[in-house]
Amino acid sequence: MEDLVDVVEEEGNNCTTHPFLCSNEGVARIQKDVDDGKVNAMVIGACSRRVNFDIFKFDGCIVERVNLREGVAWPHSREKYPALTEEQKDDEEHFDRIQMKAEDYIKMGMIRVEKVKLPEPYKTEKSSRKILVLGGGITGISAALDAAKAGFEVTIVEKETSLGGYAARMRSQMPVAEPFEQLISPIIDEKIAELKEYPNITVKTGTEVARIAGQPGEFTVTFKKPGEKIPFDVPFPLPPEMILDEKGNELDAEAQHAKYLEYNKGKLDILKLDPDGELYGAVILAAGWRPDRLKGDAYAHLGIDLPDVITNDEFEKIAAKGKIVRPSDGKEAKEVVFIQSPGKDEDDADFPYCGGVTSQVALKQAKYVRNDYPDGKAYIVYQHMRTPGLQENFYKSIQQDNGIFMTKGAVTEVSKAGNSLMVEAHNTLLGKDLNIKADLVVLAAGMVPVTVDDPVVNLAYRQGPGFRDNDIFGGYADSNYICFPYETQRTGVYAAGAVRRSMTIEESMEDAAGAALKAIQCIESANRGVAVHPRSGDMTFPEFFFQRCTQCKRCTVECPFGALDDDEKGTPKANPTRCRRCGTCMGACPERIISFADYTIDSIGSQIKAIGVPSEDDFDEPPFRILALVCENDAYPALDMVGMNRIDYSPDVRVIPVRCLGSVNSIWIKDALAQGMDGVILIGCKHGDDYQCHFVKGSELAEVRVNKMGDALKSLALEEERVRFEEIAIDEYDKLPGLLSDFVEEIEALGPNPFKGF
Amino acid sequence: MSEKYLVQPDLKFIDEITGFGAETLKKCFQCATCSVACPISPENSPFPRKEMIAASWGLKDKLVGNGDIWLCHECGDCSDLCPRGARPGDVLSAVRYATINEYARPKFLADAVKDPQKLPFLIGIPAIWFAIMAYITMAGHDTMTKLFHNFGVEWSHAKEGVIAHADFVSTWLVDITFVPLAAFVVIVFALGLKNFITDIHANAVAEGKTDKTSIDPKGFILALKDVIPVILKHDKFNKCEANQERSTPHMMVLYSFIGLFIVTNIFFVVLYVFQIPGPYSQLNPVKWLANICGAALIIGSGLMIKNRFSNKDQVSSYKDWYILWLVFALGLTGMLTEMTRLAGAQYLTYFMYYLHLIAIFNLFAFLPFSKMAHLVYRVVAMTYASYGNRK
């Protein structure tokens, strides 16, 4: 402890110690110094910054938390790393590895405080508290009602000439309230009627959005009639094939721009704001779904071309008109087979864009058959019967119907047999291959989110009018389905209902409330200049040192949220309220001109430089030094858990938390190696199928960047193995010590960095 | 098993077994907990899960001719453990009754026995019949005596000075009722069993439950020899856990029926061959057996009724109550007839005897149609399972 105090005092800083700093007394002592004007920046060397953040919060002060507890004292014990004896202290042979780590951390904390500024919030020029709801179906109406009840002004935009969407075209619907047992008549009419009670709701039917320009808090929206062509129609980026010349080489920037202008002829540039546009603070995307069209060889065995093989959507239309009859000859359809999965016995996947809804719809429609005909028989052949939550009661009640028969099974063929159809199923619960005679066969086609066909939101963003990476989320409008529901990849646009996941009416109404709350949170954050999510309350935003910008557009392209636009020359234009403060732009910038008030290339770079790298001048066999740049979202908490569980790992590793691995600029890695550190490891969230990155693309980009560094390292005569990229989930803390130790061992096998000591 | 099976659900069959106590059958969601619990479920055939889905789909063809359902002794372990309360045990019991109903001819009698509204007729017909018989006996004593003397046979089997039921309803008339009735029962069973055995064999072959391709009568009889000790010892029944307490009363009832059957036959021979009419001395060992069996019948059936009342987990429907109360009434009226006779209450004992005759009639005449028919079907199915090396 005394030695740590010396480290601080050697730098000429004041240092106070306290045995119980987070106690009332400890905090009061700091507060007194703050109040007396003695202190406006401090380094607290105690527990991890992930705990007690509300206690060590001093307004107007830069606070740096140095993780001596979870980072040093807890994982590394004195039993394993004994303190040096007096004789050992200066013998150039022995060194105290944990003391060295603690001292480095203190130094790193001190330098950071010097390098960062207190953030000041960004304020938009104009500020709107209105919410725009795209879609006038059950979700849009529910969201509008919820937002209106909270006192916000809402506009519903519906493409069709009347409200209601699919919910208004059904015969009956699944239950939405206790006891969740019986079919009910559609509730959409009540909801539409309820809209009239709220004067703060405006409904625009027969209208769609031509463009949404600007940023959250001050979106400028231009409306138009569907199909109309107007100058404020949003320009589309060039499709990939158009940016290539005849030989397949990429066109240069100017040629691309010329093509872009030609491609979007008659449309005004994205940066041009519509003077007659309406101002909105946030957008709720409730544009819903369309029934899937089942086509192609994959479904040929299901007899999709037979007139009496129809989809659940077509069945619903027949049911809404009257009794269930066959499309082919109008005869009563008393024996109906509902097929839930394409089957063929190859896999048990359902139809695309299916979910619990299609299971429940089959139950509902089976009941139609029984309601229409007392001697009717409805069969449901499924691979999965999903009735989440209290809809289980609905399942149970439908199951009680004597004329509804369900079995798991793979449908291998649907064929014509005389005047009716024959369904063949394999691997059923009846233990045999079954033949079922049917008048009508209904296929459980999925609910395709409309954003698959059309951007809908028509954002005037440089990255394009829609969501760029929906393919990560199975085509749905989402950005992290585990942690951040409703968040799309565009801040200020919140998705609800079937555009986000196939949902029942009950689920959609609940989802609408969530998206409405997110929209309100966005408005109440944008007007204060703070981030909405995931770094809620963060006041920083990217700042550019434009003199050195080379217009390479890397920041504009790589931003996962389309926060940056650019002008004709390619100079980036930041839209701070679109930003989620991940720092991906900072990591991308080759000129290193992007920074945040408290998070800069220099602040982290200086921390790296503050790490002591002992060489042979200091000790006969100097310890290795490894830098770990660790994502603060999952990997850093996991590392804290390693500490809490007192699990040891190499104390030669120095950890620096980063906002996202996407924000890691390769200069940090180069600097670390240039100053003699032996290896650098980046630990971030998982990407790919088991996707967990909080900023959609951060860890993926980091991996690409690390792979690209190999050549640069070789030119320095360094092995590319010295830099490694790893992914970890928050619950995999137990894997971390092994992962770090393996890396350290590998580096030790490579030998020390030849640059050490220079 | 690549041959395709065309499903043809029978909605009426579902209604029917629901009425027989299987009202829970549609709750089954096919988890197969029952098959794990079931002590008679074979290795590779999930019994009774498959029977449950067949029942909920109304696949009569897979159930009525299914020998397996008779191997179930309704131990209740499956119903106990079923997470959905689908009560497979009760469903199988209902299916068994539907099977009895299906094979029994004539159909109208089968329909009458299963219908609680027809109960007055089931009781009324023998009541009227025996009333007529009693009238003939009591009013036509002299006429009948003369008539019988023409053939050199004694009409009355009563003894002077003692109360004899033959003075109320002549033994001749009793036996003229029951001997043809017994023949009728045997014929009904024989016809039913012929179809039953054919069907369970076809089912076992189709589902791969047997290695036999045809039924060899000799092998079948041999199998019966193995099965009878199992039944007498209640070996299978004793495997039951949840309904363990049912085994002893069932054994008491079974043994008392066997005992009473023996007694009846001995006295029949004594009366008609040795011409010694009753009532017989209480010191007679055959009488001892009769009394013991009578008591056991009352106690056994009484316990079964009590169990059904106290067992809230088991569904009891009309088919169960009809037979249980009938057996209990049979035993009770039998014992009371004897006791009132010994007590010298002449008209009271006549009345008890009248009731006793009605009860016997019900048991006897409706044997192939009531739940009691299980004694035949189960024995045959168990024999078949043993013969066909069930797997």
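Keeping their order, the protein sequence lines are chains G and B.
Numbering of the first sequence is given in our numbering, commencing with residue 1 and proceeding in unit increments.
Numbering of the second sequence is given in our numbering, commencing with residue 1 and proceeding in unit increments.
For each residue, glycine too, the CB sits at the ideal point set by N, CA and C.
Just verifying my parser: in three-state terms, what is the DSSP assignment at M1 of chain B?
Within the second sequence, residue 1 of chain B is the residue found at index 1, counting from 1. Confidence at M1 of chain B is low in this model, with a pLDDT of 39, below 50, so the placement of that residue is unreliable and no value is reported for it.
Span of the beta strand (DSSP E) holding Q215 of chain G?
In the first sequence, the residue the question calls residue 215 of chain G occupies position 215. Start and end: 208-215.
Pop quiz: N312 of chain G and V442 of chain G are said to be a contact at Cβ under 8 Å. What is the actual Cβ separation, rounded to whole angstroms?
Within the first sequence, numbered from 1, the residue matching residue 312 of chain G stands at position 312. Within the first sequence, numbered from 1, the residue matching residue 442 of chain G stands at position 442. Confirmed, about 6 Å.
Is R293 of chain G buried or exposed, if buried means 16 or more other CB atoms sit within 10 Å of its CB?
Taking the first residue of the first sequence as 1, we reach residue 293 of chain G at position 293. Exposed, because fewer than 16 other Cβ atoms sit within 10 Å of the Cβ of R293 of chain G.
Output the distance between the C-alpha atoms of G76 of chain B and E241 of chain B, rounded to the nearest integer angstrom.
Against the second sequence, residue 76 of chain B aligns to sequence position 76. Against the second sequence, residue 241 of chain B aligns to sequence position 241. Annotation: G76 of chain B to E241 of chain B spans about 7 Å, alpha carbon to alpha carbon.
Would you please state the rounded distance, in angstroms, between the beta carbons of A490 of chain G and F541 of chain G? I believe it to be under 8 Å.
Residue 490 of chain G sits at position 490 when you count from the first residue of the first sequence. Residue 541 of chain G sits at position 541 when you count from the first residue of the first sequence. Looking at the sequence itself, residue 490 of chain G is Arg, so the reference to Ala does not match. About 16 Å; that fails the 8 Å criterion.
Under a three-way DSSP split, which group does G65 of chain B fall into?
The sequence position of residue 65 of chain B within the second sequence is 65, counting from 1. Three-state result, G65 of chain B: coil.
Can you tell which of B:D199, B:L11, B:P83 has the C-alpha that lies nearest to the C-alpha of A55 of chain B?
Taking the first residue of the second sequence as position 1, residue 55 of chain B is located at position 55. Nearest to A55 of chain B by C-alpha distance, out of B:D199, B:L11, B:P83, is B:L11.
State yes or no: is the beta carbon of W476 of chain B nearer than 8 Å to at least one beta carbon in chain G?
Given that chain B is displayed from residue 1 to residue 391, the structure contains no residue 476 of chain B and the question cannot be resolved.
Return the chain-ordered ranges of every alpha helix (DSSP H) run that is complete within the region 587-674 of chain G and spans a minimum of 4 residues.
Complete alpha helix (DSSP H) runs here, min 4: 601-610, 635-644, 666-674.
Specify the secondary structure class of L132 of chain G as computed by DSSP and reduced to three states.
Numbered from its first residue, the first sequence carries residue 132 of chain G at position 132. L132 of chain G falls in the strand class under three-state DSSP.
Would you report the Cα separation of M1 of chain B and V205 of chain B, rounded to the nearest angstrom?
The residue given as residue 1 of chain B occupies position 1 in the second sequence. The residue given as residue 205 of chain B occupies position 205 in the second sequence. Low local confidence applies: a pLDDT of 39 at M1 of chain B is under 50, so the model's placement there is unreliable, with the coordinate-based value given in what follows. When rounded, the distance between both Cα atoms is 11 Å.
Sequence-distant residues of its chain with Cβ nearer than 6 Å to I200 of chain B (five each side left out)
Sequence index remark: in the second sequence, residue 200 of chain B carries index 200 (1-based). Excluding positions up to five away in sequence, the list reads G65, G67, Y384.
With burial defined as no fewer than 16 other Cβ atoms inside 10 Å of the residue's Cβ, what is the status of V315 of chain B: buried or exposed?
Here residue 315 of chain B corresponds to residue number 315 of the second sequence, with the count starting at 1. Burial call: buried.
Roughly how many whole angstroms lie between the Cα atoms of I601 of chain G and R722 of chain G?
Taking the first sequence and counting its residues from 1, the one referred to as residue 601 of chain G is at position 601. Taking the first sequence and counting its residues from 1, the one referred to as residue 722 of chain G is at position 722. Rounded to the nearest angstrom, the two C-alpha atoms are 21 Å apart.
Out of curiosity, what's the CA-to-CA distance linking Y322 of chain B and F309 of chain B?
Locating residue 322 of chain B in the second sequence gives position 322, counting from the first residue. Locating residue 309 of chain B in the second sequence gives position 309, counting from the first residue. Their backbone Cα atoms lie some 14 Å apart in a straight line.
Straight-line gap, T18 of chain B to Y97 of chain B (C-alpha atoms, nearest Å)
Reading the second sequence from its first residue, position 18 is the one you call residue 18 of chain B. Reading the second sequence from its first residue, position 97 is the one you call residue 97 of chain B. Cα-Cα distance, rounded: 11 Å.
Taking three-plus beta-carbon pairs below 8 Å as touching, is the region 125-143 of chain G in contact with the region 152-166 of chain G?
Because the criterion of three Cβ pairs below 8 Å is met, the region 125-143 of chain G and the region 152-166 of chain G touch.
Using three-state DSSP, classify K12 of chain B as helix, strand or coil.
For the purposes of this step, residue 12 of chain B is taken as residue 12 along the second sequence, with counting starting at 1. Residue state, collapsed to three classes: helix.
Distance cutoff 8 Å, beta carbons only. Does L134 of chain G sit that close to anything in chain B?
Your numbering for residue 134 of chain G matches position 134 in the first sequence. Answer no: the Cβ-Cβ gap between L134 of chain G and chain B never drops below 8 Å.
Expressed to the nearest angstrom, what Euclidean distance is found between the alpha-carbon atoms of I298 of chain B and C78 of chain B?
Walking along the second sequence from the start, residue 298 of chain B turns up at place 298. Walking along the second sequence from the start, residue 78 of chain B turns up at place 78. Taking the straight line from one Cα to the other gives about 30 Å.
The region 684-691 of chain G touching the region 643-654 of chain G, judged by at least three CB pairs closer than 8 Å:
Touching, no.
Applying a beta-carbon distance threshold of less than 8 Å, which residues of chain B neighbour I436 of chain G?
As a first step, residue 436 of chain G must be located in the first sequence, where it is residue number 436. Here the neighbours are L6, V7.
With distances taken between CB atoms, is the gap from Y5 of chain B to N435 of chain G smaller than 8 Å?
By one-based count along the second sequence, residue 5 of chain B stands at place 5. By one-based count along the first sequence, residue 435 of chain G stands at place 435. Taking 8 Å as the Cβ cut-off, Y5 of chain B and N435 of chain G qualify as a contacting pair.
How would you label Q391 of chain G, buried or exposed, when you count the other beta carbons within 10 angstroms and need 16 or more for buried?
Here residue 391 of chain G refers to the residue found at position 391 of the first sequence. Buried is the call here.
Completely contained alpha helix (DSSP H) runs for the region 352-437 of chain G, where each covers 4 or more residues:
You should have 356-372, 391-399.
How is M509 of chain G classed by DSSP in three states: helix, strand or coil?
Taking the first sequence and counting its residues from 1, one reaches residue 509 of chain G at position 509. Reduced to three states, the DSSP call for M509 of chain G is helix.
Would you mind telling me which residues of chain G sit closer than 9 Å to A385 of chain B, beta carbon to beta carbon, in chain order?
Position 385 of the second sequence, counted from the first residue, corresponds to residue 385 of chain B. Taking a Cβ-Cβ cut-off of 9 Å, A385 of chain B has no neighbours in chain G, whose nearest Cβ is about 19 Å from it.
With 8 Å set as the bound, which would you pick, yes or no: does the beta-carbon of D348 of chain G sit closer than that to a beta-carbon of chain B?
The residue labelled residue 348 of chain G in the question sits at position 348 within the first sequence. Output row for D348 of chain G: interface = no.
For Y318 of chain B: DSSP bridge partner residues
Counting from 1 along the second sequence, the entry for residue 318 of chain B is found at position 318. Partner(s): none; Y318 of chain B has no beta bridge.
Can you give the Cα-Cα distance for A255 of chain G and I593 of chain G, rounded to whole angstroms?
Counted from its first residue, the first sequence places residue 255 of chain G at position 255. Counted from its first residue, the first sequence places residue 593 of chain G at position 593. The C-alpha of I593 of chain G is placed about 27 Å away from the C-alpha of A255 of chain G.
With DSSP run on the structure shown, which of helix, strand or coil describes N575 of chain G?
Position 575 of the first sequence, counted from the first residue, corresponds to residue 575 of chain G. Coil.
Quick test of the definition: if touching needs 3 or more C-beta pairs under 8 Å, does the region 161-171 of chain G touch the region 135-145 of chain G?
Cβ pair count under 8 Å is three or more, so yes.
In the DSSP output, what is V185 of chain B paired with across the bridge?
Your numbering for residue 185 of chain B matches position 185 in the second sequence. Within the DSSP secondary-structure output, V185 of chain B pairs in no beta bridge.
Below 8 Å on the Cβ atoms is my guess for A296 of chain B versus M252 of chain B; work out the distance and round it to an integer in Å.
Residue 296 of chain B sits at position 296 when you count from the first residue of the second sequence. Residue 252 of chain B sits at position 252 when you count from the first residue of the second sequence. Contact between A296 of chain B and M252 of chain B holds, since their C-beta atoms are separated by about 5 Å, short of 8 Å.
Got a sec: which bits of the region 420-453 of chain G sit with their beta carbon under 8 Å from any beta carbon on chain B, in order along the chain?
Flagged, chain order: E424, L429, L430, G431, K432, D433, L434, N435, I436, K437.
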